[in-house]
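Undergrad: Residue numbers (our numbering): 3 to 203. Where a beta carbon is used, it is the ideal one built from N, C-alpha and C, also for glycine. Please read these numbers as outputs of a predicted model, since none were measured by experiment. Here it is, the structure in full.
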Amino acid sequence: MKQRVIFLMMVSVAMVRGADFRRDIRPILEKHCYECHSEKAKKEKAGYVFDNLKRFGNDIDPRGVVVPGDVSRSRLFEVMTMTGDNQMPPNGPRVSPKEIKLLREWIEEGALLEAGKAGGGGAAKSGLAARPAVVELPVEDWVSADGKTVKARFVRMSGDAVVIRTAEGRVFKVPMSRLGAASQERAKERAKAAVGAEEKP
Ligand code: HEC
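Spelled out as structure tokens, the structure:
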């Protein structure tokens with residue numbers, strides 16, 4: 003236990019914390035989207051509300067408006083970054099590059115509404131049967147180059163760093179060079195498996 007804490011403190015120097023829904027994402031939606039997509043404002047354009055997290059959570063699904071882990075299939079991300087008739091918000095200031103970056107990170111890291119808890123679970127707006135939003139890999143031991151261990155799940159690769167999430171929902175980016183050989187190998191395997199799974203029809 004003590005060792006694990008030390009490892010986290012040590013590596014967090016080189017790690018960047020992932021995007022957190024409450025801290026980073028909700029303010030963006032509030033600023034740019036709630037005006038027309040919120041229960042509080044009584045505006046549910048196209049049937050989407052982003053302030054009732056239970057309802058929003060139902061649209062965070064492989065067939066929903068946010069596809070966990072896949073920005074390119076997330077319509078919510080697309081409408082913010084496109085220009086033209088369907089862009090969101092339809093007028094007024096665009097979502098800034100900094101905000102876009104946070105959204106991208108949040109979606110890539112699994113689009114969790116609450117740290118450590120996969121979103122979705124209910125019926126998507128489309129009425130299609132819901133599937134678990136994120137196929138969570140098991141919690142595994144990740145061992146640093148100097149032999150310290152942390153328990154976390156593989157999330158994805160980010161350049162030359164592996165993104166892992168602890169059971170408590172803390173997200174860390176660990177440069178591969180900071181990991182021991184066995185953990186580096188496993189990161190590569192996990193990354194390959196993730197790509198393989200996406201390629202299946
Ligand atoms: C000023 C009002 C307004 C704001 C602000 C707004 N929307 Fe919309 N949104 C609409 C309207 C109206 C529609 C329905 C458009 C249609 O069906 O042609 C819509 C539809 C949508 C759709 C579904 C349509 C599609 O093309 O897939 C999504 C997703 C969406 N909005 C996301 C957002 C997001 C994300 C934001 C904030 C970045 C946002 N909207 C901000 C008015 C707004």
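(1) What's the C-alpha gap between Gly-66 and Met-82?
(2) Which of the three DSSP states is assigned to Glu-142 in this structure?
(3) Just the residues with CB closer than 6 angstroms to a heavy atom of ligand 1, in chain order, which are they?
(4) Give me the DSSP bridge partner(s) of Phe-156.
(5) Val-68 by DSSP, collapsed to three states: which one?
(6) Within the continuous alpha helix (DSSP H) that includes Val-81, where are the two ends?
(7) For the beta strand (DSSP E) containing Phe-174, list its first residue and its last residue.
(8) I need the boundaries of the alpha helix (DSSP H) containing Leu-31, first residue and last residue.
(9) Can you give the Cα-Cα distance for Thr-2 and Ala-147, rounded to whole angstroms?
(10) Do you know offhand how far Gly-149's Cα is from Ile-27's?
(11) Who are the near neighbours of Asp-143 in its chain, counting only those whose CB is closer than 7 angstroms to its CB and skipping five residues on each side?
TA: Checking against the coordinates, here is how it stands:
(1) 16 angstroms
(2) strand
(3) His-34, Cys-35, Glu-37, Cys-38, His-39, Lys-47, Ala-48, Tyr-50, Val-67, Arg-77, Leu-78, Val-81, Met-82, Asn-88, Met-90, Pro-91, Pro-92 and Val-97
(4) Ile-166
(5) strand
(6) 77-83
(7) 173-177
(8) 28-34
(9) The requested residue 2 does not occur in the structure, where the chain is confined to residues 3 to 203.
(10) 35 angstroms
(11) Thr-151 and Lys-153
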